[in-house]
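Below is one structure, written out as structure tokens, with a few remarks after it.
Numbering (my numbering), first residue to last: 49 to 369.
What follows is the structure, given as structure tokens:
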């Protein structure tokens, strides 16, 4: 994940209405706050949900720790410290494991959820970042950002079975369960790579017109759309997965980074470093959405200029859920 010097940070909320995307100022209601034990004022990164075990899993990149928070009680359940520089966190349900991208030692960490500890590490090339799981293929795809590569892990054996190299740093990957393909942002060349997880061939690379520094990515598979955060020119690009082209762009505040889609509710959330179009008042550039409740989980590293280390839980008002 690329980073900017943080100023005022908030989330950006966009809603899918009448087949098009428009920016909306929908208020979010703070319903809980979870204090985290890591160093205050230090950068967080990705957040993910384990709905089976009722955990939200938080990567504290500059705290060198991964937190498990119980979504039923909003209490800290575990702190895992053997994840230096943790950026990506990916839940793999059929193996009951979480995989961390550790930029501090250039490894992929394998966490056993039952034990809540690291049971193995896999060496990567340089700065592992975002990841995605292709469930039917039992493969995890990890963007090795500075290595300009994609590391492919067989989660049944926890081994790297192949590494794909590109002529660009790699941004966020996503698995498309409809097309059964993996997509990877090529953020230096402003292209969108398509991988067949059956044999891990790169099938194509498509330009993302008007989008500079495409890093963050989320999918709405049934709607055949990808949402790309363009860090170089502060846009959200909507990419048609059938036409293989950008069909719409929307302006974002400075520092858009992680993007999450909630297709069932027709919304997209982008965590930003500055500016505001929605009411996530947190110094953060990451978030996760619980697909069952629609709650947003947002790590906070500053509040009104003071260092913090906590997880904030938000909900939309009932009338707009």
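Where is the CB? At the ideal position from N, CA and C, for every residue including glycine. Note that the coordinates shown come from a computational prediction; the quantities given were computed from them, not determined experimentally.
Might you give, ordered along the chain, the residues of its own chain that have their beta carbon closer than 7 Å to the beta carbon of residue i, omitting 5 neighbours on each side?
i, result
"residue 210", "200, 248"
"residue 125", "103, 116, 117, 118"
"residue 256", "238, 239, 240, 262, 276, 285, 287, 294"
"residue 171", "154, 155"
"residue 270", "226, 311"
"residue 343", "361, 362, 363"
"residue 80", "122, 361"
"residue 194", "174, 175, 217"
"residue 120", "102"
"residue 152", "112, 132, 133"
"residue 260", "238, 278, 280, 281"
Decide if residue i is buried, meaning its Cβ has at least 16 other Cβ atoms within 10 Å, or exposed.
i, result
"residue 155", "buried"
"residue 235", "buried"
"residue 337", "buried"
"residue 305", "buried"
"residue 107", "buried"
"residue 192", "buried"
"residue 245", "buried"
"residue 358", "buried"
"residue 136", "buried"
"residue 91", "buried"
Should residue i and residue j be called a contact, given that it needs their Cβ atoms to be closer than 8 Å?
i, j, result
"residue 145", "residue 184", "no"
"residue 84", "residue 362", "no"
"residue 169", "residue 360", "no"
"residue 252", "residue 218", "no"
"residue 99", "residue 279", "no"
"residue 147", "residue 105", "no"
"residue 299", "residue 95", "no"
"residue 134", "residue 101", "no"
"residue 231", "residue 274", "yes"
"residue 308", "residue 266", "yes"
"residue 297", "residue 258", "yes"
Below 8 Å on the Cβ atoms is my guess for residue i versus residue j; work out the distance and round it to an integer in Å.
i, j, result
"residue 290", "residue 272", "5 Å"
"residue 141", "residue 189", "Actually they are not in contact, since the Cβ atoms of residue 141 and residue 189 sit about 16 Å apart, beyond 8 Å."
Identify, in the order they occur along the chain, each residue of the same chain with its Cβ nearer than 6 Å to the Cβ of residue i, setting aside the five sequence neighbours on each side.
i, result
"residue 353", "none"
"residue 143", "203"
"residue 36", "Past the edges of the chain, shown from 49 to 369, lies residue 36, and the structure says nothing about it."
"residue 166", "130, 157, 159"
Check the Cβ-Cβ distances between residue i and every residue of chain D, and say whether any is below 8 Å.
i, result
"residue 222", "Annotation note: the requested chain D is absent from the structure, which comprises a single protein chain."
With a cut-off of 8 Å, do at least 3 Cβ pairs link the stretch 101-114 to the stretch 123-134? yes
Closer than 8 Å is the cut-off here; do at least three beta carbon pairs connect the stretch 178-185 with the stretch 160-169? no
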